[in-house]
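Peer 1: One structure follows; several queries about it will come next.
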Amino acid sequence: MRKSSSAKHTYLGIGALFIWAVEPLLVSEIKTLPIFELLTIVFMSSFSVTAIKLTISRKWSTVKNHYPWIWIAGLVGVCGGDFAYIYGAQFAPIAHVDLIDYLWPCVAVVCTGFLPNERFSWQKIIGSSIALFGIYILVAGDGGLDNISYEFAVGYLLAFGGAIVWGCYSVFSRYYASLPIEMVGLYCGIGAMISLVLHLSMETFVMPSSHEWMMAIITGATGGGIAYQLWDAGVKRGDIYLLSSLTYVGRLIGMILLVCFGKEALTQNLVLACLTTSLGILFSNINLSSVKLKGLLKKLVAPIFLAKAQ
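By the numbering used here, the letter at position 139 of the sequence shown is numbered 796, and the numbering carries on one by one without gaps.
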């Protein structure tokens with residue numbers, strides 16, 4: 658793989674991260690709608706973007722004739738991850754759900770290490786442990802295990818499940834790099850049909866307001882239709898380790914947006930949990946051998962010794 662091609666696809670993956678940074682804010686506006694009704698709108702919007710792209714480029718033939726288990730794995734990974742994230746936001750604060758869901762980079766890098774021609778080290782396990790400790794800070798707060806808010810337990814479990822599903826899907830996408838990136842949109846199309854059937858059989862239709870319609874369509878078209886394909890291109894042919902490292906930037910941006918728009922209160926535990934989790938994700942992916950730790954320590958320690966000498 659040429660470096661220029663790898664860099665190009667890595668930039669595409671970074672684009673997805675910035676789009677996803679806005680997703681918590683969008684979901685907070687539509688999370689009161691029935692879950693399967695909402696997913697029908699979101700998934701159909703995602704599928705529409707891909708359908709338009711395939712029609713204009715006349716490449717529908719590229720997404721045919723794949724094994725059934727490819728479709729099943731993609732459907733579970735893409736639609737299952739979205740279901741867990743959006744549904745979890747109905748049971749717990751969106752900032753908490755988003756932060757827990759962002760454990761998926763740790764899942765991805767740990768699992769990727771077991772693939773052929775990929776690297777694995779205990780550094781990733783340590784980084785994942787740090788990230789999990791950040792989630793513990795968020796959930797337990799100042800009172801330790803006795804202070805865990807079980808009223809949000811369902812939301813937390815859904816978010817954690819979503820992190821595992823999406824992390825595993827990223828590894829799946831990396832391993833099957835030859836699959837067209839447009840497959841993601843078709844997974845959403847199938848997910849839209851399944852969601853519609855479940856909505857009609859299990860839920861009562863609630864007419865969304867014009868604002869909710871707009872937010873749901875934007876969520877599907879951008880966070881799903883565009884970002885999914887950008888991310889798929891990034892993990893297939895870009896630097897998945899760098900992309901996983903940079904997810905913490907999107908996480909911080911998303912948290913700032915929630916606070917600025919009044920969707921989440923800025924608390925000490927939330928900030929500490931966000932920073933700790935981001936540190937864990939960063940540590941899992943950073944190339945320690947390229948970091949000049951000795952030189953950095955010398956620069957930090959030298960002024961202390963100079964001050965003492967004077």
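Built from N, CA and C at the ideal position, the CB exists for glycine as well.
Here the structure is a predicted model, which is why all the values come from computation and not from measurement.
#1: Just the Cα atoms here: how many angstroms apart are threonine 934 and phenylalanine 693?
#2: Counting pairs of Cβ atoms below 8 Å between the segment 700-711 and the segment 878-895, do you hit three or more?
#3: Taking all protein chains shown into account, do 16 or more other C-beta atoms lie within 10 angstroms of the C-beta of arginine 715, making it buried, or fewer, making it exposed?
#4: What separation, rounded to the nearest whole angstrom, lies between the Cα atoms of glycine 919 and threonine 719?
#5: Whose CA, out of Val811, Ser827 and Val928, lies closest to the CA of glycine 891?
#6: Taking just the CA atoms, how far does valine 906 sit from leucine 669?
#7: Please classify alanine 741: is it buried, with 16 or more other beta-carbons within 10 angstroms of its beta-carbon, or exposed?
#8: Which same chain residues, not among the five before or five after glycine 818, have their C-beta less than 7 Å away from its C-beta?
#9: What does a CB cutoff of less than 6 Å around alanine 678 pick up in its chain, not counting 5 residues either side in sequence?
#10: So within the segment 691-767, which uninterrupted beta strand (DSSP E) runs reach at least 3 residues, ignoring any that extend past its ends?
#11: Counting C-beta neighbours from all protein chains within 10 Å, is the total for valine 684 16 or more, i.e. buried, or is it exposed?
#12: Could you tell me the boundaries of the alpha helix (DSSP H) in which alanine 810 lies?
#13: Buried or exposed: where does methionine 850 fall if 16 or more other Cβ atoms within 10 Å of its Cβ makes it buried?
#14: Measuring alpha carbon to alpha carbon, tell me which of Phe940, Thr904 and Ile687 ends up nearest tyrosine 759.
#15: Could you spell out the range, first to last residue, of the alpha helix (DSSP H) harbouring valine 841?
#16: Please state the DSSP three-state secondary structure of serine 835.
#17: Methionine 864 to leucine 887, Cα distance in whole Å?
#18: Can you list, in chain order, the residues of its chain whose CB lies under 6 Å from that of phenylalanine 748, leaving out five sequence neighbours each side?
#19: Assess contact between the segment 921-936 and the segment 865-876, defined as three or more Cβ pairs (one per stretch) separated by less than 8 Å. Is contact present?
#20: How far does the alpha helix (DSSP H) with glutamate 869 in it reach, from first residue to last?
#21: Rounded to whole angstroms, what is the Cα-Cα separation between histidine 691 and glycine 745?
#22: Quick check on isoleucine 783: buried or exposed, where buried means 16 or more other Cβ atoms within 10 Å of its Cβ?
#23: If you reduce the DSSP assignment to three classes, tell me which class methionine 864 lands in.
#24: Buried or exposed, going by whether 16 or more other CB atoms sit within 10 Å of the CB of serine 866?
#25: Does DSSP put glycine 672 in a helix, a strand or coil?
#26: What first and last residue would you give for the alpha helix (DSSP H) that runs through tyrosine 634?
#27: Excluding the 5 residues flanking isoleucine 676 on each side, which residues of the same chain have their C-beta closer than 7 Å to its C-beta?
Peer 2: If we stick to the structure as given:
#1: The count along the sequence shown starts at 1 and reaches residue 934 at position 277. The count along the sequence shown starts at 1 and reaches residue 693 at position 36. If you take the alpha carbons of threonine 934 and phenylalanine 693, they lie about 30 Å apart.
#2: yes
#3: Counting from one through the sequence shown, the residue named residue 715 turns up at place 58. By the 10 Å Cβ count, arginine 715 comes out exposed.
#4: Locating residue 919 in the sequence shown gives position 262, counting from the first residue. Locating residue 719 in the sequence shown gives position 62, counting from the first residue. Near 44 Å, if we compare the C-alpha coordinates of threonine 719 and glycine 919.
#5: Start at 1 with the first residue of the sequence shown, and residue 891 comes out as number 234. Nearest C-alpha to glycine 891: Ser827.
#6: On the sequence shown, residue 669 is found 12 positions in, with the first residue counted as 1. On the sequence shown, residue 906 is found 249 positions in, with the first residue counted as 1. Approximately 15 Å between the Cα atoms of the pair.
#7: Sequence index remark: in the sequence shown, residue 741 carries index 84 (1-based). With 16 or more other Cβ atoms within 10 Å, it is buried.
#8: Within the sequence shown, residue 818 is the residue found at index 161, counting from 1. These residues qualify, in order along the chain: Ala741.
#9: Numbered from 1 along the sequence shown, position 21 holds the residue referred to as residue 678. Excluding residues within five positions, the ones whose Cβ falls inside 6 Å are Gly907, Ile910 and Gly911.
#10: none
#11: As a first step, residue 684 is located in the sequence shown; it is residue number 27 there, counting from the start. Under this definition valine 684 is a buried residue.
#12: By 1-based counting over the sequence shown, the position of residue 810 is 153. Counting along the chain, the alpha helix (DSSP H) containing alanine 810 begins and ends at 810-832.
#13: Sequence index remark: in the sequence shown, residue 850 carries index 193 (1-based). Counting Cβ neighbours within 10 Å, methionine 850 comes out exposed, since fewer than 16 surround it.
#14: Reading the sequence shown from its first residue, position 102 is the one you call residue 759. The shortest C-alpha separation from tyrosine 759 is found at Thr904.
#15: The count along the sequence shown starts at 1 and reaches residue 841 at position 184. Run containing valine 841: 840-859, per the alpha helix (DSSP H) assignment.
#16: Position 178 of the sequence shown, counted from the first residue, corresponds to residue 835. Of the three classes helix, strand and coil, the one that applies to serine 835 here is coil, per DSSP.
#17: The count along the sequence shown starts at 1 and reaches residue 864 at position 207. The count along the sequence shown starts at 1 and reaches residue 887 at position 230. Near 32 Å, if we compare the C-alpha coordinates of leucine 887 and methionine 864.
#18: To locate residue 748, count along the sequence shown from 1; it is residue 91. Answer for phenylalanine 748: Val811 and Gly812, listed in chain order.
#19: no
#20: Residue numbering aside, residue 869 sits at position 212 when the sequence shown is read from its first letter. Here the alpha helix (DSSP H) through glutamate 869 covers 867-875.
#21: Within the sequence shown, the letter at position 34 stands for residue 691. Within the sequence shown, the letter at position 88 stands for residue 745. Just to set this straight, residue 691 is proline in the shown sequence, not histidine. Those two C-alpha atoms are separated by around 12 Å.
#22: Here residue 783 is taken as the residue at index 126 of the sequence shown, counted from 1. Exposed, by the Cβ-count rule.
#23: Taking the first residue of the sequence shown as 1, we reach residue 864 at position 207. Coil.
#24: Against the sequence shown, residue 866 aligns to sequence position 209. So serine 866 ends up on the exposed side.
#25: Along the sequence shown, one-based indexing puts residue 672 at 15. Reduced to three states, the DSSP call for glycine 672 is helix.
#26: Past the boundaries of the shown model lies residue 634; the chain is included only from 658 to 967, so the question cannot be answered.
#27: As a first step, residue 676 is located in the sequence shown; it is residue number 19 there, counting from the start. These residues qualify, in order along the chain: Thr879, Gly880, Ile883 and Ala884.
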